[in-house]
Amino acid sequence: MFDDPERNTTPPKPEPSAAPKRPINWQRLFSYLAPHRARLALAIFSLLFATGLGLIFPLVIADLLGAVLAQQGYEALNALTLTLVGLFFAQAFLTFVQNYNLAYIGEKIVFRLRNQLYAHIQRLSLEFFVLRRVGEILSRLSSDVNLVRTLLTTNITSLLSNVLALVGSIAIVFVLNPALTLFILVLIPSLFVVAIVFGRPLQRLSTRYQDELAAASADAQEAIQGVRIVKSFVREDYEIERYYRGTEKTFKTALRLTLYRAAFGALMAFLGFGSLAAILWFGGREVIEGRLTLPVISSFLIYGVSIAANLGGLASFYAELRSTLGGVRRVFEALDTQSTVVDAPQAISISTTSGHIKFENVSFAYEDGIEVLKDISFEVASGEIVALVGPSGSGKTTIVNLIPRFYDPSAGTIYLDGRDIRTISQASLRAQIGIVPQETTLFSGSVRENIRYGRLDADEAAIIAAAKAANAHDFIMALPKGYDTEVGERGVKLSGGQRQRVAIARAILKDPRILLLDEATSALDNESERLVQEALDRLMQGRTTLIVAHRLSTIKIASRIIVLESGRIVEMGTHDQLMALDGLYARLYNMQFRLPEQTAALLSEPLHYDEQPTLSDSQRPNAARLGILSTLGRRTKTE
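Now the structure itself:
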């Protein structure tokens with residue numbers, strides 16, 4: 002009856018969108034290489050020398066051929082062969098140094114960027130997480146960050162290597178034969194035209210692939226986290242089908258991306274080998290005409306292979322660059338996302354508070370034009386317990402979310418001890434507030450770690466004292482490893498009542514001045530509710546408390562009740578005052594709270610077999626809805 006859709010209804014999930022079209026800030030991107038200048042310099046030095054040695058190989062091979070053809074003897078042949086082996090070994094060692102240092106730099110970049118992105122996301126407002134699914138956020142932390150690493154290490158060094166080898170090869174063949182060099186250079190523009198033509202669709206498809214993969218991962222994560230609901234509704238096949246549809250979209254996009262890459266690679270290979278065939282044809286004519294020797298044309302062919310390979314490498318680099326830019330943009334888009342709730346420039350930190358809260362003409366809208374709260378004004382005195390009551394969608398949970406500044410009001414002001422909460426730093430404000438929600442969240446780890454989350458520097462005695470105050474110590478000691486027992490993901494190894502009591506112990510350990518309770522007992526059985534309610538009674542002592550109330554047991558302890566409807570305060574007062582008004586609260590009370598008392602009274606009366614109880618007109622509809630007529634009619638008379 003009183004459940005709030007702000008808490009229970011999942012917001013619409015936006016469709017994955019392409020990364021912004023603004024250009025990449027290359028200076029910002031390369032700044033991630035700055036801390037690794039020394040290793041980067043060593044890697045580039047190794048790359049330069051390894052590339053240089055690669056350029057020498059064809060000349061040594063040409064000398065080998067010349068020595069064999071001139072029949073200079075084994076001595077010259079052996080010396081040249083050993084020189085070639087030495088060059089190969091030196092190049093292999095330099096390549097190892099280059100690859101190791103680049104891999105080290107890449108892993109450090111991933112480490113730094115992933116932690117930077119996670120820290121930034123953690124500090125964003127609640128709205129960021131409401132509008133995005135967990136799987137999408139995790140995708141940016143994993144695969145997208147790896148694309149940044151690939152771009153800064155593998156792709157950039159590949160570009161440098163290809164450029165050096167290409168320029169060096171062209172310079173050497175130009176010295177050997179300018180005419181043949183000009184013939185080779187004529188073939189270069191065609192390769193770059195192909196790269197440009199394929200580059201744009203590759204980037205577009207790569208970005209779409211990352212988005213669709215993130216969406217499919219989000220579907221899977223939701224289903225796994227909600228596996229109890231999935232199984233209780235027998236929706237395994239539905240979730241399998243939903244994930245299949247998501248991965249099918251990813252698969253189809255991946256196939257198109259693979260098709261473009263395969264076509265691009267095949268065309269580049271054809272152009273490269275076609276260039277070699279053209280060089281061989283042109284060089285063969287030169288040999289026949291007597292203008293080139295066989296060793297020279299052999300060197301030309303080797304350098305031609307190098308030129309073709311490096312041209313293909315440059316074209317591939319361009320295509321790969323366009324593919325990775327989408328993921329890089331997604332990372333920077335997340336890093337550039339600004340929090341909608343920020344500290345004021347002169348925000349102060351508070352170390353304590355009396356807990357006096359005042360709402361003054363507060364309005365709030367989750368979306369433009371759709372107000373959830375409208376001109377709300379009320380005060381909660383220091384140490385007072387106030388209950389928020391109202392039908393679904395009345396704005397109770399929204400009020401609770403505004404006090405710790407999970408959101409800021411669209412209009413009006415919220416005061417704490419007479420100070421606008423927007424002038425208080427979020428960290429110090431929230432340090433004064435304890436929240437016990439209906440759906441308790443525990444973290445994977447031990448019971449001790451979950452309680453200590455309330456105050457990280459708490460000692461063992463404080464943790465045990467908090468657990469005892471929360472009626473949790475006895476059940477904790479009965480667990481296999483006591484306080485060291487692992488609770489499982491989201492506390493799945495504990496019952497609902499046990500999870501709530503651990504959460505209350507966590508709040509007790511924090512010792513907040515203000516307490517926000519979003520009906521922490523509504524989903525519990527009677528025994529668990531009794532234990533939890535006892536713990537809550539201890540927790541509320543001496544604290545300013547706001548309760549989103551659903552049960553009579555929690556409303557009874559409130560000194561004042563605020564009744565909301567459609568985002569407005571319609572009634573305010575004590576239970577007796579509101580019942581005397583005979584308004585909305587009285588109607589809600591009669592529907593939800595009074596009926597169980599009447600039912601209990603009826604059940605206590607002895608009846609003859611098949612005797613029908615006498616109900617008043619106001620009782621009869623509700624009793625029929627609960628099915629108690631048939632139940633009571635079958636009771637036998639007690640002796």
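If you're matching positions, the sequence shown starts at 2 in the working numbering and goes up one per residue. Quick reminder that beta carbons are idealized off the backbone N, C-alpha and C, glycines included. Note that the structure is predicted; figures quoted are calculated from it, not measured.
Is residue i helix, strand or coil by DSSP?
i      : result
TYR416 : strand
TYR367 : strand
ASP376 : strand
GLU440 : coil
GLU361 : strand
ILE404 : coil
SER447 : strand
ASP344 : coil
VAL194 : helix
ILE171 : helix
GLY498 : helix
ASP238 : helix
ASP421 : strand
ALA382 : coil
GLY435 : strand
ILE515 : strand
GLU390 : According to the sequence provided, residue 390 is Val. The question's Glu does not apply to it. Here VAL390 sits in strand by DSSP.
ILE452 : helix
ILE298 : helix
ILE509 : helix
ILE349 : strand
VAL176 : helix
Between the alpha carbons of residue i and residue j, how many angstroms are there, rounded?
i      : j      : result
PRO179 : THR208 : 44 angstroms
THR182 : ILE308 : 11 angstroms
ARG38  : PHE318 : 23 angstroms
LYS557 : VAL564 : 14 angstroms
GLY634 : MET541 : With a pLDDT of only 37 at GLY634, under the threshold of 50, the placement of this residue in the model should not be trusted, and no figure is reported.
GLY419 : HIS357 : 8 angstroms
ASN362 : GLY568 : 12 angstroms
ARG8   : GLN427 : Low confidence applies to ARG8: its pLDDT is 39, below 50, so where it sits in the model is not reliable, and the reading given next is rough at best. For ARG8 and GLN427, the distance between alpha carbons rounds to 22 angstroms.
ILE138 : ARG449 : 29 angstroms
TYR454 : ALA462 : 15 angstroms
GLY314 : ASN163 : 6 angstroms
ASN414 : ALA120 : Sequence inspection shows Thr at residue 414; the Asn mentioned does not correspond to that position. Each residue's alpha carbon lies about 29 angstroms from the other.
ALA141 : GLN99  : It is worth fixing the name first, because residue 141 is Arg in this sequence and not Ala. Cα to Cα, ARG141 sits roughly 28 angstroms from GLN99.
ASN451 : ARG323 : 45 angstroms
VAL297 : VAL288 : 9 angstroms
ALA366 : LEU374 : 7 angstroms
ARG1   : GLU321 : For residue 1 there is no data in the structure shown, the boundaries of the chain being 2 and 640.
ARG243 : TYR210 : 17 angstroms
Under 8 angstroms by Cβ, that's how I've got residue i and residue j pegged, so tell me the actual separation to the nearest angstrom.
i      : j      : result
LEU518 : VAL437 : 5 angstroms
GLN433 : ILE548 : With a Cβ gap of about 18 angstroms, GLN433 and ILE548 do not count as contacting.
LEU1   : THR325 : One cannot answer for residue 1 here, as it falls past the ends of the chain, which runs 2 to 640.
THR441 : GLY492 : 7 angstroms
PRO392 : GLU566 : 6 angstroms
VAL135 : ARG115 : Not a contact, Cβ separation roughly 16 angstroms.
ALA166 : LEU41  : Not really, about 19 angstroms apart at Cβ, beyond 8 angstroms.
ILE351 : ILE425 : 6 angstroms
GLY247 : ALA217 : 3 angstroms
GLU249 : ALA224 : About 16 angstroms separates the two Cβ atoms, so there is no contact after all.
Does the beta-carbon of residue i, which I'm using as the reference point, lie nearer than 8 angstroms to any heavy atom of the ligand HEM?
i      : result
GLU380 : As far as ligands go, the structure on display features none, and thus does not contain the ligand HEM.
Tell me whether residue i is buried or exposed, calling it buried when 16 or more other Cβ atoms sit within 10 Å of its Cβ.
i      : result
LYS397 : buried
LYS253 : exposed
GLY543 : exposed
MET269 : buried
ALA93  : exposed
THR399 : buried
ARG124 : exposed
ALA459 : buried
SER32  : exposed
ARG29  : exposed
PHE444 : exposed
VAL194 : exposed
PRO405 : buried
ASN26  : exposed
VAL176 : exposed
ARG331 : buried
ARG507 : buried
GLU76  : exposed
Entirely enclosed alpha helix (DSSP H) segments - the region 456 to 489, minimum 4 residues: 461 to 470 and 474 to 478
Quick check on the DSSP output: what are the complete beta strand (DSSP E) runs of length 3 or more inside the region 529 to 584, in order along the chain? 545 to 549, 561 to 566 and 569 to 574
Complete alpha helix (DSSP H) runs within the region 85 to 155 (minimum length 4 residues, chain order): 127 to 131, 135 to 140 and 146 to 150
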